[in-house]
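Numbering (the working numbering), first residue to last: 1102 to 1540.
Glycine included, every Cβ here is placed at the ideal spot set by N, Cα and C.
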Amino acid sequence: MDVADSTRQGRIVEVLVEAFADLMEADPSAFRTKFRKMAADPFAFFRGSACLFYDDLRDFDDPWADERTGRVWIHGDLHLENFGTYMNSEGTLVFDVNDFDEAYVGPFSWDLRRFVASLALMGWQKALPESDVRALADTYLRSYVEHVLHYVQREADEAYALRLDNSRGAIQDLLLSARLATRVDLLESVTVIEDYDRRFRRGRGVRELDEKERTTVCEALDTYIERVPRSKRSARPVFYRIKDVVGRKGFGIGSAGLPAYNVLIEGATQALENDIVLSLKQGNVAAPSRIVDEPRVRDYFEHEGHRTVVSQRALQVHTDPLLGYTEIGDTGFVVAELSPYELDLDWSDLTEPEDIAPVLEDLGRATAKVHCVSDEDSDQTLVTFQTEDAIQNVVDGRLDEFVGEIIDFGIAYAEVSREDHQLFVNAFREGEIAGVSAT
């Protein structure tokens, strides 16, 4: 290993330890699993190392960030696999951006840079020529800008969404699959019926709680209920009645080591088929927040759970009606329904550019929507201007330059990530990451 590689490997390890030290100390086995998943391929490494991506942007002079476009609501971890289906608060199945754990306030172009880098990584893994990857990224970015301009031209922001009636191809197929899902099937997979009532199945990934911890979680749920917006809070007296509580572990690459609980509540009626599973997950520190040095933004949030919920409502129209936040001790938690209707877009069968292009066109529209339209219950006051007007102002007359610069960045950063992946694997195997051994 030459000096440059050794220096870069040291920085990769340093950034990961800085970001996850407390969680690694609390649950090293969870991070061993996370790091093994990240070791699988460069895309998995990229997914699990958002903190490194933003560390690399720390001194980057973004030509598209001004006093407004540098401070908009961003997703924070926008990549190809953070899109999927959900049932919105109006009862409509939609395909949209998901997973808002890293959402924050920052330059709008950061989301686009991260997305295009992920596209370049997946394109490399599918052995697509660079010219095809560039063309696909061009499709995504031009669709994004076109839809931003759509919002500029409308007096009122419309809730654009990909639905069963206006989607196509792989996205429509995913929505149709989600439509076949049922709450009963979900309940059967995570609960059992005993003495004429449901309780959670015990087994791998499930932790039994003692009475003290159970009481603490129940009290936290009471706090959550008080904060659910009135327009989305159920008035039925049985709805929030708690039936069972368990500890949970075993989340994906991005949520390793975060304490979590599942709470089974009654739902609309006492009928067993409409019980609801709520997930309580500790909020993590948003990766962009590590380099956005603005006290006004940082001090706006009570804690990371509050930050996640405020951000999601600022970025997503008709959010999960059960979305909310609470505290356990001094730690913020995000509360959301464990829904049977949430399916992620599977890219494994999307292999040809002509099949991928229409999907990326739709993802460009979806990205524009999260930047430009908020939920009806969003009452945030951090971003008070029209994002679409600000974005139009910086790209107007420079569209080709804008698209080209973002694509060049994404292609170059994907190459960095491929090299970083190998350095990370070597560091992990050789025990260079303090607190998490390879075996």
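Nearest neighbour of LEU1446 by Cα position, chosen from VAL1198, ALA1141 and ILE1113, turns out to be VAL1198. Across the structure, LEU1213 and THR1316 are spaced so that their CA atoms are roughly 43 angstroms apart. Annotation: VAL1234 is outside any beta strand (DSSP E); the continuous alpha helix (DSSP H) that includes it extends over 1231 to 1253.
Distance from the CA of THR1427 to the CA of HIS1407, rounded to the nearest whole angstrom, comes to 8 angstroms. Distance from the Cα of VAL1285 is smallest, within the candidate group LEU1373, CYS1319, ARG1499 and ARG1530, for LEU1373. Between ASP1157 and VAL1517, the C-beta spacing is below 9 angstroms.
LYS1227 and ILE1457 have their C-alpha atoms roughly 11 angstroms apart. Using a Cβ-Cβ distance cut-off of 8 angstroms, the segment 1402 to 1416 and the segment 1432 to 1446 are in contact, since at least three pairs of beta carbons, one from each stretch, lie closer than that value.
When the beta-carbon positions are compared, TYR1514 and PRO1389 stay at least 9 angstroms from each other. Secondary structure note for ASP1400: it is in no beta strand (DSSP E), with a DSSP letter that is neither H nor E.
PHE1525 has its alpha-carbon roughly 16 angstroms from the corresponding atom of THR1540. Between ILE1366 and LEU1379 a beta carbon distance of about 6 angstroms is seen, short of the 8 angstroms cut, so the two are scored as contacting. Taking each of LEU1153, ALA1145 and THR1134 in turn and checking the Cα distance to GLY1111, the smallest one comes out for LEU1153. As computed with DSSP, THR1292 is found in a beta bridge with PHE1301. Residue range 1432 to 1438 is occupied by the beta strand (DSSP E) that includes GLY1433. In this structure, ARG1172 is the residue among PHE1161, ASP1162, ARG1172 and ASP1163 with its C-alpha nearest to the C-alpha of PRO1396. In the three-state reduction of the DSSP assignment, ARG1308 falls in the strand class. Here LEU1446 carries a coil assignment [DSSP, helix/strand/coil]. Under the DSSP assignment, LYS1470 falls in the alpha helix (DSSP H) whose first and last residues are 1454 to 1473.
When THR1324, ALA1282 and ALA1469 are compared, the shortest CA-CA separation from LEU1439 is found for ALA1282.
Looking at ASP1128, ARG1133 and PHE1121, the one whose alpha-carbon comes closest to that of GLY1532 is ARG1133. Of all alpha-carbon atoms in LEU1359, TYR1341, VAL1364 and ARG1337, the one lying nearest the alpha-carbon of VAL1347 is that of VAL1364. Taking the C-beta atoms as reference points, ALA1491 is found no nearer than 9 angstroms to TYR1261. Around the Cβ of GLU1182, a 10 Å sphere holds 16 or more other Cβ atoms; the residue is buried. Rounded to the nearest whole angstrom, the CA to CA distance from GLY1185 to GLY1430 is 33 angstroms. Straight across, the Cα-Cα distance linking ARG1334 with ILE1294 is about 27 angstroms.
By the neighbour-count criterion, in which 16 or more other beta carbons inside 10 Å mark a residue as buried, CYS1473 falls on the buried side. Positions of the alpha helix (DSSP H) runs, each at least 4 residues long and wholly inside the segment 1183 to 1226, are given as 1209 to 1226 in order along the chain.
For the 9 angstroms CB-CB criterion, LYS1350 and ASP1123 do not form a contact. Per DSSP, the beta-bridge partners of ILE1377 are ILE1366.
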